[in-house]
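Since the structure comes first, as structure tokens, the remarks are kept for the end.
2 protein chains.
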Amino acid sequence: MHIYMNGRILKESEWSVSLLDHGFLYGAACFETFRTYDGHPFLFEDHWERLKRSLNALQVEWSMTKDECLDALQLLLAQEVEQDRYIRLTVTAGEEGIGLSGRPYQAPNVIMYSKALDKNAPVRKKGHFLRTRRNTPEGDFRMKAHHYINNILARQEVKDTQTEGLFLSQGGHVAEGILSNLFWVKERVVYTPDCCTGALDGITRQFVLRLCDVLGIKAEIGCYTPEHALSASEAFVTNSVQGIVPLIGMGDNEMVVEDSTITQQLQKAYQEYTHHLMGRNEIGL
Amino acid sequence: MHIYMNGRILKESEWSVSLLDHGFLYGAACFETFRTYDGHPFLFEDHWERLKRSLNALQVEWSMTKDECLDALQLLLAQEVEQDRYIRLTVTAGEEGIGLSGRPYQAPNVIMYSKALDKNAPVRKKGHFLRTRRNTPEGDFRMKAHHYINNILARQEVKDTQTEGLFLSQGGHVAEGILSNLFWVKERVVYTPDCCTGALDGITRQFVLRLCDVLGIKAEIGCYTPEHALSASEAFVTNSVQGIVPLIGMGDNEMVVEDSTITQQLQKAYQEYTHHLMGRNEIGL
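Written out as structure tokens, the structure is:
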């Protein structure tokens, strides 16, 4: 692993952040996780836009440009032989001392981690509905922020790496996976939960919905009961590191996947873009 | 300010935590804020118990005893001339690297901050109902954890230090203040929201309820509409640093406090215990 922070690569002895950074004291930090494919940061623009939106909502004033950020990534990738990497870009609220002032944050810390990919990541999974419910977002929308206790508690419920825990919302609707978004297919229509369930608006989620448009696959976003998902013929989860991961079943064998036509079609289309696409808006309708 | 960490007082150049601590990466850290009065850590046992309960729920294995923790506090107070301090005791999940394993956390970091009290803290406040709603807890109960974005967004709504922002729950019931619990009085009955609203079960909240019992004041815990609170004759907010802070009104002048009999009775009783009480269970019924 290598870590970039505020303009340079850190020595391992420097891998630390201030005990007074609000990213530590209060979880006031946002981040993006993405993959490089042979050095290309897949969908970087979409990650960038989401990060900026979250930081704006949190009133963190971050002046670094997209190009400066890509330069930082190059600096980081120059440390690595392997150019297929797991990258985490974190922007904290910065050092402010103890207490909440309500004023904008003006001195964020920028950290970028480069980690080896997990070679043993499962290529298919089972879905398990969790007892832990998805909590509601901190503000008007779910930020990808340093607020993962809900996910940690869920992960402690499902330790098996071959199983993806699936959250229901407070209201009992299907929300998302612990570290993924969930999709299922019924009669050639792709379904995914609305973000009002508390689900994160995943970058891969958005890209898969764009692919559906491009491929002429009907997609619906809504509030669905577990029963709706359990009567599907295909299902998959998505995130930026693993891409599209098919589910082989959901629940306690209540649903077994019978088909993989649309999942495979989406996986194939996805793979065509990983080495050059910067943002989903580049692919036309 | 002085900071203790893992057995010793840090030099200012050492005020940092690992970039791989899950307390930073994922907000997996719990804390308590309390006051010392002439060196006495008021209600320390109650804070200790709540911290242990939260760390257990998060599967953080913390072996430090209560006495070891009090010794750490003594080490910290020995650095200070002023013995009336704001103390924050933080226990993080520890350094685990990127990713959620679901395994218990076995190497927590223990940090204790000692900060000067705010001499300008208001002795009374106005209550303002926030647009930002209290989000739901991460698990079965609200932990005091590094998850403060909901509170930060609320604080950005109400920058005036003389005003306490008051959260409603997702369901529209009165929940709590941004950094406090809320109480009001109607016809000599004290009311405070149930924690099912998303409110933190504050140590001072618990202590005030105990004082009500001891003083023979009727107290009710429940789910209340803002209208219920707005028709009160007295109101106050509580936290461990400021104690009991009377409100002079709530809403946009919709409620003006007419009386302070019970608030003053509780404030007087509270002050009698600050210099020696370790836990609320020491005062009998």
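Heads up: the sequence lines are chains A and B, in that order.
Numbered as in the numbering used here, the first sequence ends at 298 without a single skipped number.
Numbered as in the numbering used here, the second sequence ends at 298 without a single skipped number.
Glycine included, C-beta positions come from ideal geometry on N, C-alpha and C.
Check	Outcome
CB contact below 7 Å: A:GLN72 versus chain B	yes
Reference A:ASN252, options A:ARG21, A:GLN119, A:GLU45, A:TYR17, closest by Cα	A:GLU45
CB contact check: B:TRP28 to chain A, cutoff 7 Å	yes
CB contact flag (B:SER246, B:VAL198, <7 Å)	yes
Sub-7 Å separation of A:MET309 and A:GLY140 beta-carbons	Absent from the structure is residue 309 of chain A, since the part of chain A shown begins at 14 and ends at 298.
Contact set between B:THR149 and chain A, taken where Cβ atoms lie within less than 7 Å	ASN148, THR149, GLN183
Beta-carbon gap between B:ASN133 and B:THR105 smaller than 7 Å	no
Sheet register partners of B:TYR99 (DSSP bridge)	B:ARG48, B:LYS128
Beta-carbon separation (whole angstroms), A:ILE296 vs A:VAL202, contact threshold 8 Å	Actually they do not touch by this definition, with Cβ atoms about 21 Å apart.
Cutoff 7 Å: A:HIS159 Cβ touching any chain B Cβ	yes
DSSP-derived helix/strand/coil call for B:PRO239	helix
Runs of alpha helix (DSSP H) wholly within the region 241 to 288 of chain B (minimum 4 residues, chain order)	274 to 286
A:THR210 beta carbon less than 7 Å from that of A:HIS186	yes
Which listed residue (A:GLN278, A:ASP265, A:GLU267) has its alpha carbon closest to that of A:PRO259	A:GLN278
Three-way DSSP call (helix, strand, coil) for A:ASP173 in this model	coil
Contacts of B:ILE162 in chain A (Cβ-Cβ under 8 Å)	TYR39, GLY40, ALA41, LEU71, GLU151, GLY152, MET156, ALA158, HIS160
Stretch-stretch touch, CB-based, cutoff 8 Å, three pairs: the region 144 to 161 of chain A with the region 61 to 81 of chain A	yes
Pick from B:ASP214, B:GLU240, B:LEU243 that is closest to B:ILE234, judged by C-alpha positions	B:ASP214
Sequence-distant residues of its chain with Cβ nearer than 6 Å to B:PHE57 (five each side left out)	MET291
Residues of the region 126 to 147 of chain B whose Cβ lies closer than 7 Å to any Cβ of chain A, in chain order	TYR126, LYS128, THR145
Where A:LYS172 meets chain B, residues with beta-carbon distance less than 9 Å	SER114, GLY115, ARG116
Residues in the region 253 to 268 of chain B having any Cβ partner in chain A nearer than 8 Å	none
Member of A:LEU89, A:GLU93, A:LEU71 whose CA lies at the smallest distance from the CA of A:LEU113	A:LEU71
For B:THR103, the nearest candidate out of B:PRO117, B:TRP75, B:ILE257, B:CYS236 (CA to CA)	B:TRP75
Segment contact, 8 Å Cβ cut-off, at least three pairs: the region 87 to 103 of chain B with the region 47 to 55 of chain B	yes
C-alpha distance - A:LEU192 paired with A:VAL171, whole-angstrom precision	12 Å
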